Every structure is written in C-alpha cells, then in structure tokens.
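> Using the working numbering, the first residue of the sequence shown is number 15, and each one after it goes up by one.
We put the CB at the ideal spot given by N, CA and C, even for glycine.
Note that the structure is predicted; figures quoted are calculated from it, not measured.
Handing you this structure, nothing more for now.
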Amino acid sequence: MAKKSIRSIKKSLESVYKIVEVIGTSPDSWEEAAKNAVQAASQSLRDLRIAEVVEQDMAIENGKVVAFRTRVLLSFKYQA
15 MAKKSIRSIK KSLESVYKIV EVIGTSPDSW EEAAKNAVQA ASQSLRDLRI AEVVEQDMAI
75 ENGKVVAFRT RVLLSFKYQA
C-alpha cells in the first residue's frame with residue numbers, strides 16, 4: 015500500500031463534507047433502488063464519497079409489492 019504524504023493527509027483532514035438524503039425506487043429490488051438514488055444524485059452533485067442505506071420499504075398495491083424504496087444518505091465534498 016502506498017504511503018500518503020503529510021500534505022495529502024492534512025488536506026484530506028481539512029475537507030468538509032455535506033450530507034443529503036435521497037430516496038431511490040425500483041420495481042425489482044432494494045439494491046437497484048439504492049443504485050438509482052446514487053445515480054440520480056450524481057446528475058447534480060459532484061464528488062460523491064459515501065452512500066449509507068438508512069431505511070428500506072416497499073410500496074404495496076392490491077396486496078402485491080409494486081416498488082422497492084431505499085433511503086440513502088450521501089456525502090459529497092463541500093466546495094466553497
């Protein structure tokens with residue numbers, strides 16, 4: 015594993031991140047819903063870093079699952 019320089023470590027420690035919550039949906043799976051959430055967010059947010067799944071649920075109609083929903087917290091580097 016390559017060693018990081020003190021300068022690069024210091025720079026990463028000085029970074030500020032913003033966290034947003036997004037909800038993705040999919041007719042097939044929670045995993046696909048999470049991927050859809052990240053993909054949609056990446057259209058308007060740059061430098062996404064971490065995605066954390068915080069909740070999963072399903073939409074049900076007439077006793078059948080019609081959609082999987084995944085709530086995701088996304089962090090991205092704040093750029094002033």
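1. According to DSSP, simplified to helix, strand and coil, what is Gln53?
2. Starting from Gln70, follow the beta strand (DSSP E) in both directions and report where the run begins and ends.
3. Using DSSP's beta-bridge definition, name the partner residues of Val30.
4. List the DSSP bridge partners of Ala81.
5. State buried or exposed for Ala73, treating a residue as buried only when at least 16 other CB atoms are found within 10 Å of its CB.
Taking the definition as stated:
1. By 1-based counting over the sequence shown, the position of residue 53 is 39. Of the three classes helix, strand and coil, the one that applies to Gln53 here is helix, per DSSP.
2. Counting from 1 along the sequence shown, the entry for residue 70 is found at position 56. Run containing Gln70: 62-75, per the beta strand (DSSP E) assignment.
3. Taking the first residue of the sequence shown as 1, we reach residue 30 at position 16. Paired residue(s): none; Val30 is not in a bridge.
4. Taking the sequence shown and counting its residues from 1, the one referred to as residue 81 is at position 67. Answer is Ala73.
5. Translated into positions along the sequence shown, residue 73 becomes position 59. Burial call: exposed.
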